[in-house]
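Going by UniProt numbering, the sequence shown wraps up at 448, each residue one higher than the last. Only one structure is covered here, and it is reproduced in the block below.
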Amino acid sequence: MGISRILIANRGEIALRIHRAAHEMGIETVAVHSTADADAMHVRLADHAVCIGPPPATDSYLNTAAIISAAEVAQCDAIHPGYGFLSENEKFAEIVEAHDIAWIGPKPEHIRTMGDKVMAKKTAGALGLPLVPGSDGAIDNVEEAAKIAEEIGYPVIIKAASGGGGRGMKVCESPETLGTLMQQAGNEAKSAFGDATVYLEKYLGDPRHIEFQVFGDGNGNAIHLGERDCSLQRRHQKVFEEAPSPVLSTEERNRMGEICAKAMADMGYRGAGTIEFLWENGEFYFIEMNTRLQVEHPVTEMITGVDLVREQIRIADGKALSVKQDEIEFKGHAIECRINAEDPFTFAPSPGKVTSYHAAGGMHVRVDSGLYAGYSIPPYYDSMIAKLIVYGRNREGCIMRLRRALEEMVIEGVNTSIPLHRELLTQDDILSGDYSIKWLEEWLKERS
Ligand code: ADP
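Encoded structure:
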């Protein structure tokens, strides 16, 4: 039979991205939206639209009952969750499957395993991925924690088992503060995620963030599509991403990629996933796995030519992976700039009406965005309003083209991060690729 109508359980640029892949496959789309998004581009473009609730996400984009009802009423045979919202909610995935609707995502049990970072680390270790040294599982006893911290050496980082989005982490420099910080991390995790479980890990001084894109068919076959370097971060949030990483050799890429693909094959992983590592002095350290499509997936698409959303839909439809590992070629260089509706340097949110809009264009320039002139950016959701993705035959050419594209982008009426990106592309360290996860915050401090 095959998938013929997909409900897109998301909003913004990713909803549009999914709609585009679906239509290119001859599949109809159903947009669900909150009352705040009645005029959104993905709602306009979708074949059908269903309003599922008021603006707050808990009443709309996280409202499983309303979304399942919409899927039933609109006769959808599949649901794509995008990223964020319900994408890594294994209960929702289970409910979807229990309604005989194809879940365009990993098996619920794998979402569960990887969603708990303690379990994820154990699983990753058992599958042969290199780990950050730390507590072997959850820890609540301060004496025990102090012993482990002594062994691995300070500073250490206390992390929430159910953490996400860079929240629930505390860096501890010395034994005196360990007890207090563990308590604080636990409390914060409890109120943010409803789970106070924490674990301990060595705090790496100056690493890069390098992640591998993987894909499994759910039947023991898996591939990798190389890495993305997401070291440019502010408050553990990615600002700009590139592929390939400026620091990885072809041998290293193949070696780590194969380890990741084999781990996914052994697991029987289904669909798209990202295995995140910190990288320091030539060594990889697993930190977590995301069981969904990532915001930055387009840079991988640009250098491999593989449409990752199309691949997700194919796999959910019970088809085989469309490419074999030895058919995947990494060509050229791609960079993505996340454009947020916020002050470029203070980062104060800036929702409101977009008075004029002009997207950059030309060869190898891609803009993923639901913006248009006259659109009002609602204050209720994530501030990311566009992604500018640029390809070049090499990194230098990519940067030249990205500068040119940033010159062309016009978004008026609200503040955006475009001026930040323009300035970043004048910095020697960015031009040479010599930056770690600390770089951006230090640069911002100096600049202010
Ligand atoms: P989240 O799920 O909240 O995104 P991650 O485990 O992916 O949490 O970590 C997010 C970011 O926090 C990383 O990209 C890195 O910048 C920083 N980080 C996490 N673990 C460590 C560590 N052991 N040492 C240094 N920095 C870390």
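C-beta: ideal position from N, C-alpha, C; glycine also. Values in this document were obtained by computation on a predicted structure and should not be read as measured data.
Contact set, the ligand ADP heavy atom to C-beta under 5 Å | Val132, Ile157, Gly163, Gly164, Gly166, Glu201, Tyr203, Leu204, His209, His236, Ile287, Glu288 and Ile437
Give the DSSP-derived three-state secondary structure of leucine 225 in the structure shown.
-> strand
Alpha carbon to alpha carbon, what distance is there between leucine 45 and valine 30?
-> 9 Å
Whole alpha helix (DSSP H) runs in the segment 58-91 with 4 or more residues, listed along the chain?
-> 64-73
Buried or exposed: where does glutamine 75 fall if 16 or more other Cβ atoms within 10 Å of its Cβ makes it buried?
-> exposed
Can you give the beta carbon distance from alanine 161 to lysine 117, rounded, assuming they're within the 8 Å contact cut?
-> 5 Å
Starting from alanine 160, follow its DSSP beta bridges and name the residues at the other end.
-> Val198
When burial is assigned at 16 or more other CB atoms within 10 Å of the CB, is glutamate 442 buried or exposed?
-> exposed
Is the distance from the Cβ of alanine 360 to the Cβ of glutamine 312 below 8 Å?
-> no
With a threshold of 16 other CB atoms inside 10 Å of the CB of aspartate 206, please say whether the residue is buried or exposed.
-> exposed
Inter-residue spacing [alpha-carbon to alpha-carbon] between isoleucine 8 and leucine 204 | 38 Å
What alpha helix (DSSP H) runs, 4 residues minimum, are completely inside the segment 379-411?
-> 395-408
For aspartate 368 and alanine 386, believed in contact at Cβ under 8 Å, the rounded distance = 7 Å
Under 8 Å by Cβ, that's how I've got alanine 168 and alanine 192 pegged, so tell me the actual separation to the nearest angstrom.
-> Sequence inspection shows glycine at residue 168; the alanine mentioned does not correspond to that position. That pair is a contact at about 6 Å.
Sorted by chain position, which residues of the same chain lie with C-beta nearer than 6 Å to asparagine 219's C-beta, five sequence neighbours on each side aside?
-> none
Do you know how far the Cα of glutamine 427 is from the Cα of isoleucine 328?
-> 33 Å
Beta-bridge partners of serine 34, as assigned by DSSP = Gly53
Go through its chain and collect everything with a Cβ distance to valine 365's Cβ below 6 Å, but skip five positions before and after it.
-> Val390 and Ala405
Taking all protein chains shown into account, decide if histidine 421 is buried (16 or more other Cβ within 10 angstroms of its Cβ) or exposed.
-> buried
Histidine 297 versus methionine 409 - alpha carbon distance = 21 Å
When we look at the beta-carbon of threonine 35 and count the other beta-carbons within 10 Å, is it buried (16 or more) or exposed?
-> exposed
Taking valine 214 as the reference, give the member of Pro106, Lys238, Ile148 and Ser249 with the closest Cα.
-> Pro106
Could you have a look at glutamate 329 and say whether DSSP puts it in helix, strand or coil?
-> coil
The segment 119-134 contacting the segment 322-338, beta-carbon criterion three pairs below 8 Å = no
Give a yes or no on whether the C-beta atoms belonging to isoleucine 377 and proline 351 are separated by under 8 Å.
-> yes
With distances taken Cα to Cα, identify the nearest neighbour of phenylalanine 347 among Tyr199, Val414, Arg292 and Asn281.
-> Val414
So the alpha helix (DSSP H) leucine 444 belongs to, where does it begin and stop?
-> 439-447
Neighbourhood of asparagine 394 by C-beta distance below 8 Å, restricted to the same chain and skipping five residues each side | Gly332 and His333
Alpha helix (DSSP H) runs wholly inside the segment 123-199, at least 4 long, in chain order | 142-152 and 175-193
Taking glycine 84 as the reference, give the member of Leu371, Pro379, Ala320 and Ile14 with the closest Cα.
-> Ile14
Run the CB neighbour count on aspartate 307, radius 10 Å, all protein chains shown included, and call it buried at 16 or more, exposed below.
-> buried
Decide if the segment 251-268 is in contact with the segment 428-438; the criterion is three or more beta carbon pairs, one per stretch, under 8 Å apart.
-> no
For the beta strand (DSSP E) that contains threonine 274, what are its first and last residues?
-> 270-280
Please name the residue, chosen from Tyr285, Asn281 and Gly268, that lies closest to isoleucine 275 on a Cα-to-Cα basis.
-> Tyr285
Under the three-state DSSP convention, the category glycine 115 falls into | helix
Segments assigned beta strand (DSSP E), at least 3 residues, entirely inside the segment 317-376 = 333-340, 356-358 and 365-369
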